[in-house]
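Down below is the structure, laid out as structure tokens.
In my numbering, the protein residues as written are 4 to 345.
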């Protein structure tokens with residue numbers, strides 16, 4: 004017969020604690036990567052290609068081959084945001100003049116230029132063929148890229164620059180954050196917010212939907228706020244809040260485990276991995292000498308890349324691999340040699 008203590012161990016085997024390496028396994032030089040809180044200059048595609056806006060140029064870095072390609076150079080303009088379509092075949096490029104360009108990556112060809120904003124486009128989010136763009140002009144434009152018109156609907160409500168935009172996984176709700184410290188939730192069928200949250204005490208750039216729970220949204224506030232807040236957008240109710248101690252620049256929810264990674268500015272410039280819903284710290288990663296304004300995740304969900312005004316992109320192996328074999332084929336090629344984006 005098995006003794007009581009051994010029986011308990013067999014029934015509840017001890018899980019080995021996951022070890023997260025505290026140093027990046029790769030660093031890319033990113034000359035002229037802007038130290039501007041309101042921009043979104045780094046995005047990682049489902050095709051395992053990293054897009055980075057550097058000054059007037061957009062560079063593509065293949066995680067499979069480590070090849071760097073210069074996609075475009077804007078004459079007399081600056082890149083202020085980049086955003087991949089879900090499949091990763093097309094890239095939207097927002098500019099300081101208020102234009103949005105759509106690029107075909109396979110052909111390295113610009114397909115169209117879309118007008119509509121009167122100021123820089125700092126944030127964008129895709130929902131199938133709909134591209135939402137947020138601007139310093141305080142307006143959000145929803146654009147059907149199949150249609151001739153530059154936009155299909157206009158969302159007004161923010162009193163200052165729109166700096167965060169994310170569509171929910173079911174594509175029914177759009178979350179927007181602004182420099183007016185507001186977080187709005189919009190329905191895909193309406194131009195009036197279905198919820199308005201005013202609890203943050205600083206700009207709301209960091210927004211991430213949970214892939215594990217329908218209607219669960221996280222948001223982070225700037226320097227005067229420092230908090231990560233959680234919301235039930237189905238009932239329009241606040242859930243919980245944690246003071247991180249520093250400016251929250253980005254949030255990314257892991258697909259593979261119920262954890263969330265945040266990047267920070269003043270004053271520690273750190274990256275923190277949290278377990279949800281306890282919000283216990285799993286790891287704290289440091290190394291950037293400027294605030295960590297940019298964050299993106301590899302398609303297999305294991306690697307996070309961070310970018311800062313110290314002109315580096317740092318690659319961290321943070322999360323375990325995906326649970327399904329289908330997901331494991333995405334971005335399976337390891338990232339490796341030291342390179343430079345120029």
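Built from N, CA and C at the ideal position, the CB exists for glycine as well.
Over what stretch of residues does the beta strand (DSSP E) that includes residue i continue unbroken?
i	result
residue 198	196–200
residue 142	142–147
residue 287	283–288
residue 103	103–107
residue 267	262–267
residue 275	274–278
residue 26	Run containing residue 26: none; DSSP gives neither H nor E here.
residue 132	That residue, residue 132, is in no beta strand (DSSP E); it is neither H nor E in DSSP.
residue 223	219–224
residue 117	112–117
residue 255	251–256
My guess is that residue i and residue j are in contact by the Cβ rule of under 8 Å, so how many angstroms apart are they, rounded?
i	j	result
residue 124	residue 84	6 Å
residue 250	residue 269	5 Å
residue 188	residue 254	Actually they do not touch by this definition, with Cβ atoms about 16 Å apart.
residue 322	residue 221	About 16 Å; that fails the 8 Å criterion.
residue 294	residue 312	7 Å
Please name the residue, chosen from the options, that lies closest to residue i on a Cα-to-Cα basis.
i	options	result
residue 50	65, 286, 40	65
residue 154	188, 116, 182	116
residue 314	25, 179, 36	36
residue 32	317, 193, 126	317
residue 68	270, 169, 52, 78	52
residue 260	240, 285, 70, 34	285
residue 140	181, 95, 133, 215	181
residue 166	157, 172, 156, 178	178
residue 44	20, 97, 25	97
residue 46	28, 26, 79, 93	93
residue 114	121, 103, 120, 172	103
residue 283	266, 271, 245	245
residue 359	262, 41, 291	Any answer about residue 359 is impossible in this case: the structure gives the chain only from 4 up to 345.
residue 194	162, 156, 208	156
Identify every residue that forms a DSSP beta bridge with residue i.
i	result
residue 246	230
residue 311	315
residue 173	Answer by DSSP bridge pairing: none, since residue 173 is not bridged.
residue 159	142
residue 187	179, 199
residue 62	55, 73
residue 296	Note: residue 296 sits in no beta bridge, so no partner.
residue 98	82
residue 210	222
residue 43	84
residue 128	135
residue 2	Missing from the structure shown is residue 2; the chain here goes from 4 to 345 and no further.
Leaving out five residues on either side along the sequence, give the residues of the same chain with a beta carbon under 6 Å from the beta carbon of residue i.
i	result
residue 81	59, 99
residue 48	87, 91
residue 243	233
residue 128	135, 168, 169, 170
Beta-carbon within less than 8 Å of residue i's beta-carbon, same chain only, minus the 5 sequence neighbours each way: which residues are those?
i	result
residue 204	184, 224, 227, 228, 230
residue 131	89, 174
residue 307	255, 264, 274, 298, 299, 300, 301, 318, 319, 321, 322
Grab me the residues of residue i's own chain with a C-beta within less than 7 Å of its C-beta, minus the 5 sequence neighbours each way, in chain order.
i	result
residue 111	74
residue 235	218, 219, 242
residue 196	160, 187, 188, 189
residue 248	229
residue 148	105, 132, 134
residue 126	43, 84, 137, 165, 166, 167, 168
residue 202	232, 241
residue 288	25, 273, 274, 319
Determine whether the Cβ of residue i lies closer than 8 Å to any Cβ atom of chain C.
i	result
residue 313	No chain C appears in this structure, which consists of one protein chain only.
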